[in-house]
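Let me begin by presenting the structure, written as structure tokens, before commenting on it.
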Amino acid sequence: DFYMVHLPLAAMNYTKPELDTLNPSDSEKRIFKKIQQVKKDFKDLKFINNHTGSLFTSDEKAMKKLYKAFEKEELIFVDSKTIA
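The following block contains the structure:
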């Protein structure tokens, strides 16, 4: 058994972000902590899917920080393609 978790990422046109939404300006440390916490909460976690995220996923620097955290925690990212 395994889990896929929807991770709230910042969106371009969303005025009410969810609690703990990751933003492109977040530090690598904050992103790592968030991913570590999600992994701790779901021990059999294998996949993470972006919940919203058009702003975050369009920012290359932010995505590199996020991918580093995924790699460290051995997670696979499934992109919802929130932007065209």
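If you read the sequence shown in my numbering, its first letter stands for residue 42, the second for the next number, and so on. Just so you know, even glycine gets a beta-carbon here, dropped at the ideal spot from N, CA and C.
Which residues share a DSSP beta bridge with residue i?
{"i": "TYR44", "result": "LEU86"}
{"i": "LEU50", "result": "LEU63, THR93"}
{"i": "VAL79", "result": "DSSP, once it has assigned bridges, lists no residue as partnering VAL79."}
Less than 8 Å between the beta carbons of residue i and residue j, yes or no?
{"i": "TYR55", "j": "THR93", "result": "yes"}
{"i": "ILE72", "j": "LEU116", "result": "no"}
{"i": "MET53", "j": "SER121", "result": "no"}
{"i": "GLU114", "j": "GLN77", "result": "yes"}
Using the C-alpha atoms, what's the distance from residue j back to residue i?
{"i": "GLU101", "j": "ASP42", "result": "32 Å"}
{"i": "LYS70", "j": "VAL46", "result": "20 Å"}
{"i": "THR64", "j": "LEU48", "result": "In the sequence on display, residue 64 carries Asn and not Thr. When rounded, the distance between both Cα atoms is 11 Å."}
{"i": "ASP67", "j": "ALA103", "result": "8 Å"}
{"i": "THR62", "j": "TYR108", "result": "16 Å"}
{"i": "ASP85", "j": "PHE118", "result": "15 Å"}
{"i": "LYS81", "j": "ALA110", "result": "13 Å"}
{"i": "LYS75", "j": "SER99", "result": "20 Å"}
{"i": "VAL79", "j": "LYS105", "result": "18 Å"}
{"i": "PRO58", "j": "LYS87", "result": "25 Å"}
To the nearest whole angstrom, what separates the beta carbons of residue i and residue j, a pair I think is in contact under 8 Å?
{"i": "ASN91", "j": "LEU60", "result": "At roughly 16 Å, the Cβ-Cβ gap does not stay under 8 Å, so ASN91 and LEU60 are not in contact."}
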